[in-house]
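Residue numbers (the numbering used here): 5 to 536.
One structure below.
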């Protein structure tokens, strides 16, 4: 596993007494801090790509009949399993409104005629702003009613402000904390969709999804949101109000929340390799990335966990496609789990033919084989170790140039190949062969998966045991306009799930509807039925 490089000028033994106290207050030992500095100076490890996973070679494509059977199989067994919908939801809407905030704060200027439509721009921030204000004029955003009400409280209206070209006033009312404060709201609480005369936030869309495919044992819908500490109360209050919509249905909800453990925060260094400090002279600690959430996932007392990001939702009238494919993935996982659990029971019992059956399965289904030099007892032990692992089924969509990781066959230090989701930052693009493998990738990861968290004896897997610590990331970030190098732990669906039993299945592109900028809400898939 090759590494990128970064200058290393930090003396890892010279933390001041103030630094030691600061780290201890955040639950970070001095040994861990020194290790973080070592990783920052080593740089991001490169993953050794073997070949892209594609349909017929690592990615399963189902016929309509096969998909229907898997979905029905999931529904038939749903009452026997405990299901949790696990939603990473700690992000604020800051980046959604980055261009609008830049214009409001004077980081760039746009002529009024470019925003009014008299001379519409073709590209760049001005074009994005023009699209935004055009969307407001056409009623394309679910939050325009709330924005209009806020402007009316100040003696105006949205229609009047648009007509008069009061663009700064509109953005100030929408984004600044003394008004609606959208730029600082959790993305979970931004109205995304309008349907049937009411607005829906991503939080509510995920609760509705849970009803559609997550009613597990005892008809309980379990939904878990990972949130930022400062947003927990607001999200909890909104969820409690939203649950009133489902009171007439024959099920109950268990909605829980957790925050990212502060002890997983990481240090940063300057581009020159010195410790990065904030304006007060303290060491800068940053969240350790979504990979730190493996601890949160590990605390789920659940058979199955469906994982999807907070912003990947659609209005209710479009949700049936996504719901169907969740059932397909769940059915496929239950089918594979049943087979693996039986193999493990047979291996432990030393049943006749158990070893050959396990070797056939790992070779034909998982793509790897035991070392040929092992004797029979050692091969049985090897099979048990490699089958008694958490399982995941990951949806993959056809590549459309979207940012994000992709499905690959990779090789480890023992030259053993297995399936993994690999981010672009983990690929050595300067190596011609590795770059070619990356270019030939046909699918990408939309972060849409179901995980089997228990073993064949019904006990929870200890997920931390399956993390590969050598798959961390070193990324370039900024703090208060100053560049820095940040450390992120192995990604939740990358190294944090290293060598899980992994299956990739092709799902329709229509199931992937993320909202990264506010203008994404103007796409057809986010336009609901406005109702009367």
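We put the beta carbon where it would ideally sit given N, CA and C, even for glycine.
Computed from a predicted model, the values in this text were never measured in an experiment.
Relative to residue 346, the option among 461, 189, 371 whose CA is nearest is 461. Residue 34 and residue 27 have their alpha carbons spaced roughly 7 Å apart. Three or more Cβ pairs drawn from the segment 306-323 and the segment 212-219 lie within less than 8 Å of each other, which places the two stretches in contact. Leaving aside the five residues that flank residue 74 on each side, the residues in its chain whose CB is nearer than 6 Å to its CB run, in chain order, 332, 335, 336. For residue 218, the number of other beta carbons within 10 angstroms of its own is at least 16, and it is reported as buried.
For residue 134 and residue 107, the gap between their C-alpha atoms comes out near 12 Å. Within the DSSP bridge table, the entry for residue 61 names 58 as partners. With a 10 Å radius around the Cβ and a threshold of 16 neighbouring Cβ atoms, residue 189 comes out buried.
Within its own chain, the residues whose Cβ lies closer than 8 Å to the Cβ of residue 372, once the five positions on either side in sequence are excluded, are 366, 390, 420, 421, 422, listed in chain order. Note on residue 378: under 16 other CB atoms within 10 angstroms of its CB, so exposed under the neighbour-count rule. Residue 269 is positioned such that its CB atom lies no closer than 8 Å to that of residue 293. Taking residue 70 as the centre and dropping the five residues before and after it, the same chain places no C-beta closer than 6 Å to its C-beta. The C-alpha of residue 485 lies about 35 Å from the C-alpha of residue 318. Beta-bridge analysis with DSSP links residue 452 to 312. Where residue 256 is concerned, the enclosing beta strand (DSSP E) starts and stops at 256-262.
Residue 91 and residue 356 have their alpha carbons spaced roughly 43 Å apart. Counting along the chain, the unbroken beta strand (DSSP E) around residue 490 starts and ends at 486-492.
In the three-state DSSP reduction, residue 184 falls in the coil class, being neither helix nor strand.
When rounded, the separation of the alpha-carbon atoms in residue 129 and residue 103 is 6 Å. A distance below 8 Å between beta-carbons, with the five flanking residues on each side excluded, links residue 502 to the following residues of its chain, in chain order: 424, 470, 471, 472, 475, 494.
Taking a cut-off of 8 Å for Cβ pairs, the segment 395-402 and the segment 448-463 touch, as three or more such pairs fall below it. Non-local beta-carbon contacts of residue 530 in its own chain, meaning distances under 8 Å to residues more than five positions away in sequence, involve 196, 197, 318, 319, 517, 519, 524 in chain order. Here the alpha carbons of residue 328 and residue 498 stand approximately 25 Å from one another. In this structure, the alpha-carbon of residue 143 lies about 11 Å from that of residue 151. Fewer than three Cβ pairs drawn from the segment 301-314 and the segment 36-54 lie within less than 8 Å of each other, which leaves the two stretches out of contact. Just measuring C-alpha positions, the residue of 131, 93, 166 sitting nearest residue 148 is 166. Bridge partners of residue 96 according to DSSP: 190. By the 16-neighbour rule on beta-carbons within 10 angstroms, residue 393 is buried. DSSP places residue 131 inside the alpha helix (DSSP H), whose first and last residues are 128-141.
Distance from the CA of residue 416 to the CA of residue 409, rounded to the nearest whole angstrom, comes to 18 Å. Rounded to whole angstroms, residue 169 and residue 527 show a C-alpha spacing of 24 Å. Remark: three or more beta-carbon pairs, one from each stretch, lie closer than 8 Å, so the segment 257-267 and the segment 225-240 are flagged as touching.
Buried is the label assigned to residue 383, since at least 16 other Cβ atoms lie within 10 Å of its Cβ. It is roughly 9 Å from the alpha-carbon of residue 315 to the alpha-carbon of residue 207.
By the beta-carbon neighbour count (other beta carbons within 10 angstroms, threshold 16), residue 515 is buried.
In the structure shown, residue 114 falls within a coil segment according to DSSP collapsed to helix, strand and coil.
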